[in-house]
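As given, the protein sequences belong to chains A and B, one line each in that order.
Numbers 1 to 648, taken from my numbering, label the letters of the first sequence in order.
Numbers 1001 to 1244, taken from my numbering, label the letters of the second sequence in order.
Where a beta carbon is used, it is the ideal one built from N, C-alpha and C, also for glycine.
Structure, as structure tokens:
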Amino acid sequence: SLPEESGEETDTVDPVTLYSYKVQSTITSRVATTTIQSKLVNNSPLPQSVVFDVQIPKGAFISNFTMTVNGMTFTSSIKEKTVGRALYSQARAKGKTAGWVRSRTLDMENFNTEVNIPPGAKVQFELHYQEVKWRKLGSYEHKIHLQPGKLAKHLEVNVWIIEPQGMRFLHVPDTFEGHFQGVPVISKGQQKAHVSFKPTVAQQRKCPNCTETAVNGELVVMYDVNREEKAGELEVFNGYFVHFFAPENLDPIPKNILFVIDVSGSMWGIKMKQTVEAMKTILDDLRTDDQFSVVDFNHNVRTWRNDLVSATKTQIADAKRYIEKIQPSGGTNINEALLRAIFILNEASNMGLLNPDSVSLIILVSDGDPTVGELKLSKIQKNVKQSIQDNISLFSLGIGFDVDYDFLKRLSNENRGIAQRIYGNQDTSSQLKKFYNQVSTPLLRNVQFNYPQASVTDVTQNNFHNYFGGSEIVVAGKFDPSKLTEVQSIITATSANTELVLETLSQMDDLEEFLSKDKHADPDFTKKLWAYLTINQLLAERSLAPTAAIKRKITKTILQMSLDHHIVTPLTAMVIENDAGDERMLADSPPQDHSCCSGALYYGTKVASGPIPSWANPSPTPMSAMLAVGAKPLESTPPTHLNQVEND
Amino acid sequence: PHFIIYLPKSKRNICFNIDSEPGKILSLVSDPESGIVVNGQLIGAKRAENGKLSTYFGKLGFYFQKEGMKIEISTETITLSSGSSTSRLSWSDTAHLGNSRVLISVKKEKSVTLTLNKELFFSVLLHRVWRKHPVNVDFLGIYAPPIDKFSPRVHGLLGQFMQEPAIHIFNERPGKEPGKPEASMEVKGHKLTVTRGLQKDYRTDIVFGTDVPCWFVHNSGKGFIDGHYKDYFVPQLYSFLKRP
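Written as structure tokens, this is what we have:
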């Protein structure tokens, strides 16, 4: 019903008119579902090629795509990749393509469809995708890339946020250089918020008489939730539970940190300049309790100091001078560099020079594959795994696209860390700093989530080496409400000065009532979150699988889950076909980073759940002591074998 | 605050009140030999009633010197400091914090139990009042067992009774008010007039409390406690009591 659409007149010079461009996101407890819908009409007397080109966040799962071309509807289904390809080859759609390509822009991937439409024909595209919002540096960031390509008669973006914990703040930064100042309308309640962005055609114009649209960029919504309890928020709904854990008010744990920096020839120029700039700030941010050193490598491996040193002002100044003098040249010997860093940390640990309450981190910054020394990636992986002590976490930052990012991910995931891609541009320095800031404040070590009930199954990774301030650990699982009416969790962890056991109980009745009152709330958020985590973790396990048989088994599980949950994963493809089934398109997922979880800071392990550790049972408890002593028979009072101070 | 002192040998409860000013810190247990301090800081009600401002314990400080641990329990948070680092819990958590020697167990919105070396324990109860109550404020109660784990030098308003004084209560007689008999009590060389009364123990019923019959010592425990109650003021939450 395009003619009925409300909206202002756009110039009709363009043969294809964009009638409507609508984006709607709903976020329910960190689970975001986004729909992008675009309606166009060919006003010219000639057939026209119409493109639907949208960017979706990396790591998002596409769940649905529909298209109506001149009255013919195409709907999508998820198939195993080879099945999908075979179907596609049987009945390719004429004059239509659908694809999905990995984009080289930051954190985004392109989904692209092109159709040829006859004169006067209308076309409607609709894409759905799901993602999980990971907390970084104290907030969640929801980005919607808006690129309608032309002025739209009706442009509308709505973001609905439902967070049962309540929202601490919500902010829509100006990402359009002031062009749309005052256009986003924010309404925020305690637990719900709505951001609406509806620029008129006049507002969309780049300049008063321009036909070009200024809507080309990201609408960003940032928010954080309230956290009353350290033990986190345990939400149970529809047979699944999700547990969000982001404690605050803990002192940072001292860290022993080794920066391993690639200074090979390929780093020459902007990459090195930006790395040096970032390192200077990072070194300044070290705390006095921290210990550090710097290893720089090309075909040779050098160290600023052979041992870890305290992060005093003098040492930091000296390290900065050392880094500033680095001249990139030569090859890349990642193997030797990592082994040297591990040796320094291992030696310090063996000699008792490390604070037993500290955490040890290696941050590798590299822009390329090894070219000198050990070249075989699997051998490097093996060497590192064999040498590294199990209290060290390895984080890898891959600059640019010449680096085998999957290798870095495997390397880090296997050694209690994660990898992140850094884009080699003017922004490299801030990306490096941002990543460092995420891991600069370890608050807890050895964080284990226990759900010691028979009613809880299929728990996602529940053991994490570290917890860093500003982030959030998410654990999910299945729950059988017929066996128990509530879920209990027991988290054990080590903070800077103590062992910690945190208990919490779910409050499912409240949540059900709360969600039922909101039409935008996604009742499947627990299920989606569980599936998202499980599939990503299985993909990472698959990439680290030691045998082909294990890999096959994991593949089978991922595939089945992808089909059950109707999502495109690296093992599935989306077949888009018309009702008659004689025209098909294929949307294949890009070769993805086979590791958990895009955007998440944690890669954990799975361990069996246990009860409260024995040390945490206070002995004797005041109550048991009281009972053990017993009440005096003459008085109907509690036993009084205590001295006490109270108020009337 | 009202104090209920249980004397195991004579199997009697003796009560007294301490009325002071908000901000003052009272020494409850001070044992320099064992390195244990328990102090309580007073807070006031929102306003005075009948010309009198009620005071309550708003903050309790525990210092375990040998373990190098300081624990501050307020009506808002429970904070454990050790060396230069701090761990903080809110009353919204059910949690256990500790190491091999000190254990802090928090029962969400109810109580904190501190256990030292699995043999000495203190219990703190949280009393929440309606936030908009015109007068009352949240406050804390503390419970300690009269056990012989302290050194002979232990003192403080509670600590001094860890070693039981000899008491003799006699000449029970009708009091000025019906149902509140009086008696004479000999303790620490003093002869006092005490009144039979009831005080609240909130361990089993945190809202209404349970009445504990006790002999009430007037004038802020004068004669029953060593010296004057003002002798128990300490400058800091973790100060040992300096004995005159």
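{"Asked": "Counterpart residues of Ser1082/B in DSSP-defined beta bridges", "Found": "Met1069/B and Ser1085/B"}
{"Asked": "Asn1039/B and Ser1054/B closer than 7 Å at C-beta", "Found": "no"}
{"Asked": "His1096/B at chain A interface by Cβ criterion, 7 Å", "Found": "yes"}
{"Asked": "Rounded straight-line distance, which links the Cα of Arg302/A to that of Asn112/A", "Found": "47 Å"}
{"Asked": "Extent of the continuous alpha helix (DSSP H) to which Arg649/A belongs", "Found": "Because chain A in this structure spans residues 1 to 648, residue 649/A falls outside the shown range and cannot be described."}
{"Asked": "is_contact[Leu394/A, chain B] using C-beta, thresh 7 Å", "Found": "no"}
{"Asked": "Chain B contact residues for Thr441/A, given Cβ-Cβ distances below 9 Å", "Found": "The premise fails here: Thr441/A is roughly 13 Å from chain B at the closest Cβ pair, so nothing lies under 9 Å."}
{"Asked": "Chain-ordered residues of the stretch 242-263 of chain A with a beta carbon less than 7 Å from chain B", "Found": "Asn249, Leu250 and Asp251"}
{"Asked": "Closer than 7 Å to chain A by CB, Lys1009/B", "Found": "no"}
{"Asked": "Gly1061/B: contacting residues in chain A (beta-carbon distance under 9 Å)", "Found": "Those within 9 Å of Gly1061/B in chain A number zero; the least Cβ separation is about 14 Å."}
{"Asked": "Nearest-angstrom Cα separation, counted from Asn209/A out to Asn116/A", "Found": "30 Å"}
{"Asked": "C-beta neighbour in chain A for Asp1019/B, strict 7 Å", "Found": "no"}
{"Asked": "Under 8 Å by beta carbon: chain A residues contacting Asn1219/B", "Found": "Simply none; closest approach about 17 Å."}
{"Asked": "Within 7 Å, strictly: CB atoms of Val1217/B and Phe1016/B", "Found": "yes"}
{"Asked": "Boundaries of the alpha helix (DSSP H) in which Phe407/A is found, first to last residue", "Found": "Tyr405 to Asn413"}
{"Asked": "Within 9 Å of chain B by C-beta, residues of the stretch 406-433 of chain A in sequence order", "Found": "none"}
{"Asked": "Minimum length 3: unbroken beta strand (DSSP E) runs contained in the stretch 147-184 of chain A", "Found": "152-162 and 167-171"}
{"Asked": "Test item: CB-CB of Lys1066/B and Gly1098/B under 7 Å", "Found": "no"}
{"Asked": "Under 7 Å (Cβ pairs) to chain A, residues found in the stretch 1066-1097 of chain B", "Found": "Leu1080, Ser1082, Gly1083, Ser1085, Thr1086, Ser1087, Arg1088, Leu1089, Ser1090, Ser1092, Asp1093, Thr1094, Ala1095, His1096 and Leu1097"}
{"Asked": "Residue interval of the beta strand (DSSP E) (run including Ala1166/B)", "Found": "It is not in any beta strand (DSSP E) - Ala1166/B carries neither H nor E in the DSSP assignment."}
{"Asked": "Local conformation of His194/A per DSSP, three classes", "Found": "strand"}
{"Asked": "Touching by the beta-carbon criterion (3+ pairs, under 8 Å), the stretch 21-41 of chain A and the stretch 115-133 of chain A", "Found": "yes"}
{"Asked": "Sequence-distant residues of the same chain with beta carbon closer than 8 Å to Lys1180/B, five excluded per side", "Found": "Thr1195, Arg1196 and Gly1197"}
{"Asked": "Closest residue to Glu218/A among Tyr322/A, Tyr467/A, Phe180/A and Lys409/A (Cα-Cα distance)", "Found": "Phe180/A"}
{"Asked": "Neighbour-count burial assignment, Gln118/A, 16 or more Cβ in a 10 Å radius", "Found": "Going by the sequence as given, residue 118/A is Pro instead of Gln. By the neighbour-count rule (16 or more Cβ atoms within 10 Å), Pro118/A is not buried but exposed."}
{"Asked": "DSSP-derived helix/strand/coil call for Gly138/A", "Found": "coil"}
{"Asked": "Endpoints, the beta strand (DSSP E) within which Tyr223/A is located", "Found": "Gly217 to Val225"}
{"Asked": "Neighbourhood of Lys1009/B by C-beta, 7 Å cutoff - its chain only, sequence neighbours within 5 removed", "Found": "Glu1164"}
{"Asked": "Beta bridge counterpart(s) of Glu666/A as assigned by DSSP", "Found": "Nothing can be reported for residue 666/A: it is not among the residues displayed for chain A, which extend from 1 to 648."}
{"Asked": "Length of the line joining the Cα atoms of Thr441/A and Asp174/A", "Found": "29 Å"}
{"Asked": "Beta carbon proximity, Asn1099/B to chain A, threshold 7 Å", "Found": "yes"}
{"Asked": "Gly1189/B to Ile1014/B span [Cα, whole Å]", "Found": "16 Å"}
{"Asked": "Which listed residue (Ile1167/B, Leu1125/B, Pro1134/B and Arg1047/B) has its alpha carbon closest to that of Tyr1202/B", "Found": "Leu1125/B"}
{"Asked": "Best match in Lys409/A, Tyr19/A, Trp615/A and Asp579/A for proximity to Leu151/A [C-alpha to C-alpha]", "Found": "Tyr19/A"}
{"Asked": "Exposed unless 16 or more other CB atoms sit within 10 angstroms - verdict on Asp390/A", "Found": "exposed"}
{"Asked": "Anticipated Cβ contact below 8 Å, Asn330/A with Asn298/A, distance rounded", "Found": "In the sequence on display, residue 330/A carries Gly and not Asn. Correct: roughly 4 Å between the Cβ atoms."}
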